[in-house]
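Chains as they are written, first to last, in our numbering: chain E, 13 to 469; chain L, 13 to 469.
Number of protein chains: 2
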Amino acid sequence: MAVQKPGIPKGTRDFGPEEMSKRNYIFHTIKRVFQRHGYAQIETPAMENLDTLLGKYGEEGDKLLFKILNSGDFLQGFDLSCLQSSGANAASLLICEKGLRYDLTVPFARFVVQHQHEIQFPFKRYQIQPVWRADRPQKGRYREFYQCDADVIGSNSLLNEADLIHIIDEVFRELGIRVKIKLNNRRILAGIADYIGQADKISDITVAIDKLEKVGIEAVNQELRLKGIADEEIGKLEPLFDIRGSNREKLAKLSELLQHSQSGIHGIGEAGRLLDLLDVLQLQSDYELDISLARGLNYYTGTIIEVKAMDTEIGSICGGGRYDDLTGIFGLKDISGVGVSFGADRIYDVMDQLQLFPVEAASASRIMFVNFGEKEARFCLSLLVKLHSAGIAAELYPDAAKLKKQLSYADARHFRYVVLAGENEMQEGMLIVKDMISGEQVRVAPDNLLEMAKRER
Amino acid sequence: MAVQKPGIPKGTRDFGPEEMSKRNYIFHTIKRVFQRHGYAQIETPAMENLDTLLGKYGEEGDKLLFKILNSGDFLQGFDLSCLQSSGANAASLLICEKGLRYDLTVPFARFVVQHQHEIQFPFKRYQIQPVWRADRPQKGRYREFYQCDADVIGSNSLLNEADLIHIIDEVFRELGIRVKIKLNNRRILAGIADYIGQADKISDITVAIDKLEKVGIEAVNQELRLKGIADEEIGKLEPLFDIRGSNREKLAKLSELLQHSQSGIHGIGEAGRLLDLLDVLQLQSDYELDISLARGLNYYTGTIIEVKAMDTEIGSICGGGRYDDLTGIFGLKDISGVGVSFGADRIYDVMDQLQLFPVEAASASRIMFVNFGEKEARFCLSLLVKLHSAGIAAELYPDAAKLKKQLSYADARHFRYVVLAGENEMQEGMLIVKDMISGEQVRVAPDNLLEMAKRER
Numbered sequence: 013m014a015v016q017k018p019g020i021p022k023g024t025r026d027f028g029p030e031e032m033s034k035r036n037y038i039f040h041t042i043k044r045v046f047q048r049h050g051y052a053q054i055e056t057p058a059m060e061n062l063d064t065l066l067g068k069y070g071e072e073g074d075k076l077l078f079k080i081l082n083s084g085d086f087l088q089g090f091d092l093s094c095l096q097s098s099g100a101n102a103a104s105l106l107i108c109e110k111g112l113r114y115d116l117t118v119p120f121a122r123f124v125v126q127h128q129h130e131i132q133f134p135f136k137r138y139q140i141q142p143v144w145r146a147d148r149p150q151k152g153r154y155r156e157f158y159q160c161d162a163d164v165i166g167s168n169s170l171l172n173e174a175d176l177i178h179i180i181d182e183v184f185r186e187l188g189i190r191v192k193i194k195l196n197n198r199r200i201l202a203g204i205a206d207y208i209g210q211a212d213k214i215s216d217i218t219v220a221i222d223k224l225e226k227v228g229i230e231a232v233n234q235e236l237r238l239k240g241i242a243d244e245e246i247g248k249l250e251p252l253f254d255i256r257g258s259n260r261e262k263l264a265k266l267s268e269l270l271q272h273s274q275s276g277i278h279g280i281g282e283a284g285r286l287l288d289l290l291d292v293l294q295l296q297s298d299y300e301l302d303i304s305l306a307r308g309l310n311y312y313t314g315t316i317i318e319v320k321a322m323d324t325e326i327g328s329i330c331g332g333g334r335y336d337d338l339t340g341i342f343g344l345k346d347i348s349g350v351g352v353s354f355g356a357d358r359i360y361d362v363m364d365q366l367q368l369f370p371v372e373a374a375s376a377s378r379i380m381f382v383n384f385g386e387k388e389a390r391f392c393l394s395l396l397v398k399l400h401s402a403g404i405a406a407e408l409y410p411d412a413a414k415l416k417k418q419l420s421y422a423d424a425r426h427f428r429y430v431v432l433a434g435e436n437e438m439q440e441g442m443l444i445v446k447d448m449i450s451g452e453q454v455r456v457a458p459d460n461l462l463e464m465a466k467r468e469r
Numbered sequence: 013m014a015v016q017k018p019g020i021p022k023g024t025r026d027f028g029p030e031e032m033s034k035r036n037y038i039f040h041t042i043k044r045v046f047q048r049h050g051y052a053q054i055e056t057p058a059m060e061n062l063d064t065l066l067g068k069y070g071e072e073g074d075k076l077l078f079k080i081l082n083s084g085d086f087l088q089g090f091d092l093s094c095l096q097s098s099g100a101n102a103a104s105l106l107i108c109e110k111g112l113r114y115d116l117t118v119p120f121a122r123f124v125v126q127h128q129h130e131i132q133f134p135f136k137r138y139q140i141q142p143v144w145r146a147d148r149p150q151k152g153r154y155r156e157f158y159q160c161d162a163d164v165i166g167s168n169s170l171l172n173e174a175d176l177i178h179i180i181d182e183v184f185r186e187l188g189i190r191v192k193i194k195l196n197n198r199r200i201l202a203g204i205a206d207y208i209g210q211a212d213k214i215s216d217i218t219v220a221i222d223k224l225e226k227v228g229i230e231a232v233n234q235e236l237r238l239k240g241i242a243d244e245e246i247g248k249l250e251p252l253f254d255i256r257g258s259n260r261e262k263l264a265k266l267s268e269l270l271q272h273s274q275s276g277i278h279g280i281g282e283a284g285r286l287l288d289l290l291d292v293l294q295l296q297s298d299y300e301l302d303i304s305l306a307r308g309l310n311y312y313t314g315t316i317i318e319v320k321a322m323d324t325e326i327g328s329i330c331g332g333g334r335y336d337d338l339t340g341i342f343g344l345k346d347i348s349g350v351g352v353s354f355g356a357d358r359i360y361d362v363m364d365q366l367q368l369f370p371v372e373a374a375s376a377s378r379i380m381f382v383n384f385g386e387k388e389a390r391f392c393l394s395l396l397v398k399l400h401s402a403g404i405a406a407e408l409y410p411d412a413a414k415l416k417k418q419l420s421y422a423d424a425r426h427f428r429y430v431v432l433a434g435e436n437e438m439q440e441g442m443l444i445v446k447d448m449i450s451g452e453q454v455r456v457a458p459d460n461l462l463e464m465a466k467r468e469r
């Protein structure tokens with residue numbers, strides 16, 4: 013066979029040992045916090061039936077689904093001319109019935125409905141798995157990336173929101189990332205639409221408001237005009253965006269402005285009670301009510317949450333909110349849920365940029381035995397068995413290569429100690445242990461190596 | 013939208029909290045041992061270019077690849093009639109350029125070649141990721157399953173084989189599964205082909221021999237006859253299968269029989285030296301030379317390894333061997349590798365059948381606070397913060413539901429302790445802590461709860 017140039021599909025990545033150590037550091041931290049708060053892990057298949065996925069992410073989302081060609085004779089049983097006439101999108105459904113997971117939320121909703129009789133509600137689950145999107149690849153955006161989601165389903169209590177925000181605070185505290193947690197409530201947004209007399213345009217209004225920080229007030233107003241909202245109504249919005257002060261002060265002003273909207277009053281009440289709960293938790297992170305926060309909407313029905321890293325321009329690294337009827341489409345009505353999703357790839361980029369990874373996150377075994385030949389290797393092997401039994405990571409270089417080569421390997425792989433046991437050392441019953449940081453060498457009796465390794469751990 | 017009946021593609025599975033705990037127990041054990049032996053983790057994308065995958069798994073394997081439909085207008089740029097005329101297999105290549113990973117070995121070979129200049133050789137990597145095969149689903153065989161592979165690449169030393177067998181021994185010891193490790197060497201199989209004068213039929217011979225245990229000697233002989241091997245030659249094989257005794261005795265007899273085959277002598281020498289190394293390691297598992305072991309072949313060039321669980325009929329749960337030119341197809345010649353692959357799903361089935369999972373593998377948080385209402389919940393929240401800060405898993409029931417409902421939830425989710433802090437308790441400054449196993453209740457001061465929880469961990 014001809015030699016192939018090795019490569020991977022665009023938008024995907026290999027992760028080598030050092031990247032994996034760092035990624036695992038993030039995943040382990042997030043998992044530890046999820047578990048401490050009582051969230052239980054689930055996993056769902058990479059492939060879902062296209063039925064399950066289609067229509068859940070909007071028209072644009074449908075196009076970004078990776079579809080799996082039916083196996084076997086996928087062309088069997090239909091006329092090819094219908095492929096041609098139906099266009100790519102419809103044609104794909106004739107020859108594909110499965111697709112790759114696009115997020116973890118829809119598979120979770122499907123899971124909850126499918127297993128509703130095995131589940132204890134309120135069901136607190138977390139899920140850390142890759143998702144796939146046929147997006148145009150660009151810096152920081154990949155076609156395969158991990159999501160880390162925690163959701164509670166089957167409880168309306170704001171304690172769940174508080175718990176998830178507590179989780180956010182703990183995760184970023186433990187990772188060492190300073191964040192600001194932004195909060196809003198879909199009902200406040202509905203109240204704003206009521207306030208300007210455009211309740212039926214809440215979607216258009218919130219989509220526009222969501223861009224406020226990115227594009228500025230003028231562009232937002234222009235978008236609102238295009239959606240058919242009169243200048244007078246747009247003018248009523250401006251004082252809302254000028255609301256400043258503490259969270260309580262903002263709520264007080266909102267209460268005034270939105271006093272005639274039932275949704276508004278409801279949303280302000282929820283936000284106030286959530287702030288009360290957060291006060292009890294004594295979070296380390298700042299949290300701030302931000303009425304320009306919408307996060308795509310249509311999905312969320314109550315609290316909306318977004319987390320920004322403070323010391324970089326990378327932006328949102330976590331987000332979520334409450335959704336009131338996620339499982340309805342699969343036949344389980346009136347179940348409220350709330351969840352957050354951590355963006356592991358962006359968190360990685362933030363930590364890398366700010367050099368927040370601890371040194372150990374990239375380290376390998378502690379001890380390497382130099383290989384001086386068959387007899388010496390067998391001797392080292394017997395010592396290795398003892399170290400492994402005690403749970404200590406150690407290795408024997410597999411080939412009797414030149415000492416220089418072995419030492420430079422030990423250096424490149426960041427071993428802490430190198431053990432030299434040649435013929436002389438075996439005869440004298442003493443090992444030479446070289447400290448790879450200081451360069452110092454000490455003589456150690458074989459029986460004392462274990463003690464030394466334990467001490468140094 | 014109409015209600016959809018939730019389901020997943022055949023051959024795939026959801027994993028709920030209890031299954032995940034058990035699966036994680038297996039994965040963590042395997043990882044811990046891999047790491048202790050100095051193997052570093054990598055991950056590769058779920059999707060590979062079809063170029064990378066095709067032709068690596070035989071004709072049958074090519075058919076079992078899941079192919080990803082090109083995104084966008086996949087029909088653009090070619091005449092549909094060529095789809096029809098080319099047949100399903102060729103047609104699929106016109107509209108798909110990516111496929112799902114079929115195993116971890118080919119992606120690993122691709123990884124090594126692609127990243128050869130960033131890698132320290134010998135490169136010891138492990139990889140734990142799902143793979144996908146469009147096999148006909150059946151009991152114990154899935155279309156999505158996990159492989160757990162450890163490989164060393166860039167070293168010819170038999171110390172690597174010994175190290176991997178040591179890993180096998182430790183993994184199954186720590187999981188509590190009694191296993192038998194079967195060993196063979198491809199060069200011994202070549203020696204056998206030499207011995208009956210059919211060196212060019214080594215593939216046919218080993219494929220037939222591989223079935224010995226399953227189908228018996230008669231069926232094997234019949235298959236050999238069909239491959240054009242004469243009865244006389246087949247007759248020469250029989251004494252080989254009758255070789256019994258200790259590993260050393262078997263090797264001694266083989267040395268006699270295969271004395272005229274250079275491959276045979278080479279293989280016997282390697283097997284002998286490997287046994288010497290294993291003696292030093294004092295394995296707990298039995299290991300046995302089995303010349304009927306071939307494992308698909310064509311792939312392996314030296315040592316062949318297979319592991320069977322002793323106390324069930326489930327069969328092979330781990331296997332591997334040495335391959336001498338895996339990376340050649342991607343342009344990196346003469347690099348020898350050796351690896352093993354643990355079958356997590358089969359290991360799960362063995363452990364479930366033999367009830368080897370420890371109880372904790374399925375347990376959740378330790379402590380649940382009953383929710384008696386808003387004021388009490390806030391009080392409990394402040395205690396929860398302290399427990400979480402100390403790393404103790406604890407939860408507050410999110411709704412002020414009936415006590416009976418909350419207690420039955422606590423029971424179903426296997427909490428160890430339930431804390432009751434109603435209005436009276438808050439006033440008296442004492443909590444009631446209910447032991448969910450004994451049913452006993454004790455009164456504990458809030459400040460002592462943390463101490464109690466730490467003690468009970």
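Just so you know, even glycine gets a beta-carbon here, dropped at the ideal spot from N, CA and C.
Please read these numbers as outputs of a predicted model, since none were measured by experiment.
Check, Outcome
"Limits of the alpha helix (DSSP H) - the one that residue 305 of chain L falls within", "Counting along the chain, residue 305 of chain L falls outside any alpha helix (DSSP H), and DSSP gives it neither H nor E."
"Three-state secondary structure (DSSP) of residue 360 of chain L", "helix"
"Buried or exposed by the 16-neighbour rule on C-beta atoms within 10 Å, applied to residue 61 of chain E", "buried"
"Exposure label - residue 363 of chain E; buried when at least 16 CB within 10 Å", "buried"
"Between the CA atoms of residue 182 of chain L and residue 113 of chain L - distance to the nearest angstrom", "28 Å"
"Residue closest to residue 313 of chain L, alpha-carbon to alpha-carbon, out of L/57, L/201, L/232 and L/128", "L/201"
"Other residues of its chain near residue 27 of chain E: CB distance less than 7 Å, five sequence neighbours each side excluded", "35"
"Proximal residues to residue 296 of chain E (C-beta, below 7 Å), its chain only, five neighbours per side dropped", "181 and 185"
"Given residue 204 of chain E as reference, the closest of E/279, E/460, E/225 and E/145 once Cα atoms are compared", "E/279"
"Close-in-space but distant-in-sequence residues of the same chain around residue 400 of chain L (CB under 8 Å, 5 per side omitted)", "406"
"Short CB-CB distance (under 8 Å) between residue 57 of chain E and chain L", "yes"
"Residue-chain proximity (residue 21 of chain E, chain L), Cβ-Cβ < 8 Å", "yes"
"Terminal residues of the alpha helix (DSSP H) in which residue 179 of chain L lies", "170 to 187"
"Of the listed residues L/110, L/103, L/83 and L/78, nearest to residue 19 of chain E (C-alpha basis)", "L/110"
"Pair within 8 Å by beta-carbon distance, residue 121 of chain L and residue 339 of chain L", "yes"
"Which residues DSSP lists as bridging residue 265 of chain E, in chain order", "None, per the DSSP bridge assignment."
"Contact check, residue 132 of chain E vs residue 55 of chain E, beta carbons under 8 Å", "no"
"Cβ contact check for the stretch 161 to 170 of chain E and the stretch 346 to 355 of chain E: 3 or more pairs under 8 Å", "yes"
"Nonlocal neighbours in the same chain, by C-beta distance under 6 Å from residue 235 of chain L, ignoring five residues either side", "220"
"Below-8 Å beta-carbon distance, residue 54 of chain E vs any chain L residue", "yes"
"Collapsed DSSP secondary structure at residue 212 of chain L in the structure displayed", "helix"
"Residue from L/190, L/273, L/379 and L/249 whose Cα sits closest to the Cα of residue 218 of chain L", "L/249"
"Close-in-space but distant-in-sequence residues of the same chain around residue 214 of chain E (CB under 7 Å, 5 per side omitted)", "201, 202 and 205"
"Straight-line Cα distance separating residue 78 of chain E from residue 58 of chain E", "11 Å"
"Residues of the stretch 408 to 440 of chain E with Cβ closer than 7 Å to any Cβ of chain L, in chain order", "408, 410, 411, 421, 424 and 425"
"C-beta neighbour in chain L for residue 27 of chain E, strict 8 Å", "yes"
"Pair within 8 Å by beta-carbon distance, residue 67 of chain L and residue 347 of chain L", "no"
"Beta-ladder partner(s) of residue 438 of chain L, from DSSP", "BP columns for residue 438 of chain L are empty, so no partner."
"Nearest neighbour of residue 358 of chain L, chosen from L/127, L/328 and L/333 [CA to CA]", "L/328"
"Touching by the beta-carbon criterion (3+ pairs, under 8 Å), the stretch 239 to 254 of chain L and the stretch 329 to 336 of chain L", "no"
"Cα-Cα separation, residue 382 of chain E to residue 394 of chain E", "14 Å"
"Residue 447 of chain E: first and last residue of the uninterrupted beta strand (DSSP E) it sits in", "443 to 447"
"Boundaries (first-last residue) of the beta strand (DSSP E) holding residue 332 of chain L", "328 to 335"
"Supposed contact pair residue 286 of chain L and residue 156 of chain L - C-beta distance, whole angstroms, cut 8 Å", "Actually they do not touch by this definition, with Cβ atoms about 35 Å apart."
"Contact with chain E by residue 464 of chain L, beta-carbon distance below 8 Å", "no"
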